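J.: Quick mapping for you: the protein sequence lines, in order, are chains A and F.
Heads up, the first sequence is in the working numbering, so the first residue is 9 and it goes up one at a time.
Heads up, the second sequence is in the working numbering, so the first residue is 22 and it goes up one at a time.
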Amino acid sequence: DTGVSQDPRHKITKRGQNVTFRCDPISEHNRLYWYRQTLGQGPEFLTYFQNEAQLEKSRLLSDRFSAERPKGSFSTLEIQRTEQGDSAMYLCASSKGVGYTFGSGTRLTVV
Amino acid sequence: GIQVEQSPPDLILQEGANSTLRCNFSDSVNNLQWFHQNPWGQLINLFYIPSGTKQNGRLSATTVATERYSLLYISSSQTTDSGVYFCAVMATSNTGKLIFGQGTTLQVKP
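#1: Does the Cβ-Cβ distance between L85(A) and A75(A) come in under 7 Å?
#2: Report the residue from G117(F), P131(F), L127(F), F107(F) whose alpha carbon sits nearest the alpha carbon of F46(F).
#3: Please classify D102(F): is it buried, with 16 or more other beta-carbons within 10 angstroms of its beta-carbon, or exposed?
#4: Does Y56(A) get closer than 7 Å to chain F when you measure Cβ to Cβ?
#5: Whose CA, out of N77(F), K75(F), P71(F), lies closest to the CA of R132(F)?
#6: Is there a C-beta anywhere in chain F that falls below 7 Å from the one on S50(A)?
#7: Fully enclosed by the stretch 51-75 of chain F, which beta strand (DSSP E) runs are 3 residues long or longer?
#8: Just the Cα atoms here: how many angstroms apart are T100(F) and V50(F)?
#9: Could you check the C-alpha separation between T83(F) and L64(F) for me, to the nearest Å?
#10: Chain A partners of N52(F), CB-CB under 7 Å?
#11: Give the interface partners of N59(F) over in chain A, defined as CB-CB distance under 9 Å, in chain order.
#12: By the DSSP assignment, the beta strand (DSSP E) with V12(A) in it spans what residues?
#13: Under a Cβ-count criterion, where at least 16 other Cβ atoms within 10 Å of its own Cβ denotes burial, should H18(A) be classed as buried or exposed?
#14: What is the DSSP secondary structure of A38(F), reduced to helix, strand or coil?
#15: Output needed for G104(F): all residues of its chain with C-beta closer than 7 Å, excluding positions within five of it in sequence on either side, in chain order.
#16: Whole-angstrom Cβ separation of Q27(F) and G122(F), contact assumed at under 8 Å?
#17: Please state whether the Cβ-Cβ distance between I33(F) and I120(F) is less than 7 Å.
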């Protein structure tokens, strides 16, 4: 296993378009997390899954954001009607116990 | 929710120097981790340390849970240590998510 994979690495989109990101966690990890990081800030929690169940969502996750983990394996994060304020690094992490492993992130730029 | 404060916000060192980074948190925690974010943005887990002391090479960490702080020590710093160091905690009352501090940006000069 090569760690947590995120795709794409970079995404440039026009305001108003929809985008979808994918995260493949470490295979035996049952928890999967999405975070958002803007320049100069620490990662901010968005949502997390235990297996396929979405257990918590941050108030940062407006109704334009949706996340799924359909079979308890990979996860997708969709942003509808993107806004310039959505420009950020979107990080995915997974865990089996207490330690998190992060992917390299997807950098979104909304123009 | 739980608050996490890191200090100093920025640190510049000469190669070979030692440093101490601090993380204060506002509530009881059952999970505390230190991460290093390299210049390419990759977050690397350094320590899982909700209490006690751990060492890994030139890095060590101590968490005093009763006093709600953790320290990360970097000895004999190298230019590859540059980047942002984050402390992240999970409140005992919430078994789900890690909350990150704002980070300490370290620059090690040759």
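Cβ coordinates follow ideal geometry from the N, Cα and C atoms, glycine included.
Since the structure is predicted, the reported quantities are computational estimates derived from the model, not experimental observations.
T.: Taking the coordinates as given:
#1: For this step, residue 85(A) is matched to residue 77 along the first sequence. For this step, residue 75(A) is matched to residue 67 along the first sequence. Between L85(A) and A75(A), the CB-CB gap stays under 7 Å.
#2: Translated into the one-based positions of the second sequence, residue 46(F) becomes position 25. When C-alpha distances from F46(F) are compared across G117(F), P131(F), L127(F), F107(F), the shortest belongs to F107(F).
#3: Within the second sequence, the letter at position 81 stands for residue 102(F). Buried, since its Cβ has 16 or more Cβ neighbours within 10 Å.
#4: Mapped onto the first sequence, residue 56(A) falls at position 48. Taking Cβ atoms only, chain F reaches closer than 7 Å to Y56(A), which makes this a yes.
#5: Only positions 22 to 131 of chain F appear in the structure, and residue 132(F) is not among them; the question remains open.
#6: Along the first sequence, one-based indexing puts residue 50(A) at 42. The sequence shown places Gly at residue 50(A), rather than the Ser named in the question. Chain F contact via Cβ: present.
#7: Look at the stretch 51-75 of chain F and you find these whole runs of beta strand (DSSP E), each 3 residues long or longer: 64-69.
#8: Within the second sequence, numbered from 1, the residue matching residue 100(F) stands at position 79. Within the second sequence, numbered from 1, the residue matching residue 50(F) stands at position 29. Straight-line Cα distance between these residues: approximately 32 Å.
#9: Residue 83(F) sits at position 62 when you count from the first residue of the second sequence. Residue 64(F) sits at position 43 when you count from the first residue of the second sequence. Each residue's alpha carbon lies about 20 Å from the other.
#10: Start at 1 with the first residue of the second sequence, and residue 52(F) comes out as number 31. Neighbours of N52(F) on chain A, chain order: V106.
#11: Looking up residue 59(F) in the second sequence gives position 38. Result: empty, since nearest Cβ-Cβ is about 10 Å, beyond 9 Å.
#12: Numbered from its first residue, the first sequence carries residue 12(A) at position 4. It is not in any beta strand (DSSP E) - V12(A) carries neither H nor E in the DSSP assignment.
#13: On the first sequence, residue 18(A) is found 10 positions in, with the first residue counted as 1. The residue in question, H18(A), is exposed, as its Cβ has fewer than 16 Cβ neighbours within 10 Å.
#14: Numbered from 1 along the second sequence, position 17 holds the residue referred to as residue 38(F). A38(F) falls in the coil class under three-state DSSP.
#15: As a position in the second sequence, residue 104(F) is number 83, starting the count at 1. Residues H57, Q58, N59, P60, L127 of the same chain have their beta carbon placed closer than 7 Å to that of G104(F), with the five preceding and five following residues left out of the count.
#16: The residue given as residue 27(F) occupies position 6 in the second sequence. The residue given as residue 122(F) occupies position 101 in the second sequence. Contact between Q27(F) and G122(F) holds, since their C-beta atoms are separated by about 4 Å, short of 8 Å.
#17: Stepping through the second sequence from its first residue, residue 33(F) is reached at position 12. Stepping through the second sequence from its first residue, residue 120(F) is reached at position 99. Going by C-beta atoms, I33(F) is not nearer than 7 Å to I120(F).
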